[in-house]
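Numbering (our numbering), first residue to last: 233 to 491. The C-beta atom is built at its ideal place from N, Cα and C for all residues, glycine as well.
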Ligand SMILES: Nc1ncnc2c1ncn2[C@@H]1O[C@H](COP(=O)(O)OP(=O)(O)O)[C@@H](O)[C@H]1O
Ligand SMILES: [Mg+2]
């Protein structure tokens, strides 16, 4: 089991944001968290990666309580791409990717040959070889997202957490990012936990889906279990028709009415 959350509760001040969160994320799976705006998806991603302290409950990373693991060790196991990212404008792709090696450096040590090889590998893996000297600020949305994924890969994590990796991207770049995520999952056995807005994309790319609603897990299961008209109605307030995508072997839906 890559990640296990037991009875998580997260408060911001007095406000309860997440409660009764129990979840299992099996190794090597792609798991997606969906839910309406403000349902607590980003908060959950932060809690799972210890970017945020939980009020109650525990998160286990490969069976070990995350509170008993050093920050450096956590960063060697999991990489996170937050929803909002801040970097200085004049950094190059290669520099950005090199940050991924920092959790592996000994104190006071510089990048060695092995680190540099891993940085090159991550740049190749994400198709950024021709862009490695470009400033990140000059990249297209899709390229920039790939550069962040490359940084995460340079961390050599077992688990990748992505908070809305496709938001603000044109549909072609959305697919490009998700295809890359799927390829990394397959070729590196990378466990992926991501938040997606597009429910049809969640259905297409996930082994399992967790539905968050008002800070609680409403339901979880494989795409066939989740893409159901009652659930879409109850949680997302839409009437929809459900079909099967034979090519990608997954369900999809077309909404026709807001309730
Ligand atoms: N730093 C914060 N302080 C107080 N409330 C917050 C903070 N961050 C998020 N919230 C609140 O927590 C709830 C869940 O937010 P979030 O996890 O970002 O939801 P989602 O990612 O599903 O849109 C929202 O009501 C939001 O206003
Ligand atoms: Mg969010």
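Whole-Å CB distance - residue i paired with residue j, under 8 angstroms assumed
| i | j | result |
| --- | --- | --- |
| residue 312 | residue 293 | Not really, about 13 angstroms apart at Cβ, beyond 8 angstroms. |
| residue 444 | residue 273 | 6 angstroms |
| residue 235 | residue 257 | 4 angstroms |
| residue 401 | residue 374 | 6 angstroms |
| residue 468 | residue 268 | 7 angstroms |
| residue 262 | residue 438 | 5 angstroms |
| residue 483 | residue 456 | 6 angstroms |
| residue 249 | residue 275 | 5 angstroms |
Residue i: CB within 7 angstroms of a non-hydrogen atom of ligand 1
| i | result |
| --- | --- |
| residue 196 | An answer regarding residue 196 cannot be provided, because it is not within the stretch 233 to 491 covered by the chain. |
| residue 285 | no |
| residue 373 | no |
| residue 241 | no |
| residue 269 | yes |
| residue 274 | yes |
| residue 317 | no |
| residue 249 | yes |
| residue 294 | no |
| residue 334 | no |
| residue 331 | no |
Secondary structure of residue i, DSSP reduced to three states
| i | result |
| --- | --- |
| residue 510 | For the chain, the structure presents residues 233 to 491; residue 510 sits outside this window and is missing. |
| residue 324 | strand |
| residue 333 | helix |
| residue 472 | strand |
| residue 457 | helix |
| residue 403 | helix |
| residue 293 | strand |
| residue 264 | strand |
| residue 396 | coil |
| residue 257 | strand |
| residue 348 | helix |
| residue 233 | coil |
| residue 501 | In the structure displayed, the chain extends from 233 to 491; residue 501 sits before or after that span and is not available. |
C-beta atoms of residue i and residue j nearer than 8 angstroms
| i | j | result |
| --- | --- | --- |
| residue 391 | residue 425 | yes |
| residue 243 | residue 290 | no |
| residue 280 | residue 393 | yes |
| residue 436 | residue 395 | no |
| residue 471 | residue 449 | no |
| residue 410 | residue 378 | no |
| residue 282 | residue 447 | no |
| residue 383 | residue 337 | no |
| residue 319 | residue 368 | yes |
| residue 332 | residue 233 | no |
Cutoff 6 angstroms; reference residue i; Cβ partners in own chain excluding five residues on either side
| i | result |
| --- | --- |
| residue 364 | 325, 326 and 355 |
| residue 434 | 264, 266, 428 and 441 |
| residue 388 | none |
| residue 416 | 422 |
| residue 350 | 386 |
| residue 464 | 470 and 472 |
Beta-carbon proximity list for residue i, same chain, < 7 angstroms, skipping 5 on both sides
| i | result |
| --- | --- |
| residue 473 | 485, 486 and 488 |
| residue 380 | 313 and 317 |
| residue 461 | 472 and 474 |
Heavy atom of ligand 2 within 7 angstroms of residue i beta-carbon
| i | result |
| --- | --- |
| residue 430 | no |
| residue 396 | yes |
| residue 425 | no |
| residue 406 | no |
| residue 309 | no |
| residue 489 | no |
| residue 433 | no |
Same chain, Cβ closer than 8 angstroms to residue i, five either side skipped, listed in chain order
| i | result |
| --- | --- |
| residue 361 | 355 |
| residue 405 | 372, 373, 374, 377 and 398 |
Distance cut-off 7 angstroms: residue i Cβ against heavy atoms of ligand 3
| i | result |
| --- | --- |
| residue 366 | Absence of ligand 3 from the depicted structure is noted, with ligand 1 and ligand 2 being the only ligands included. |
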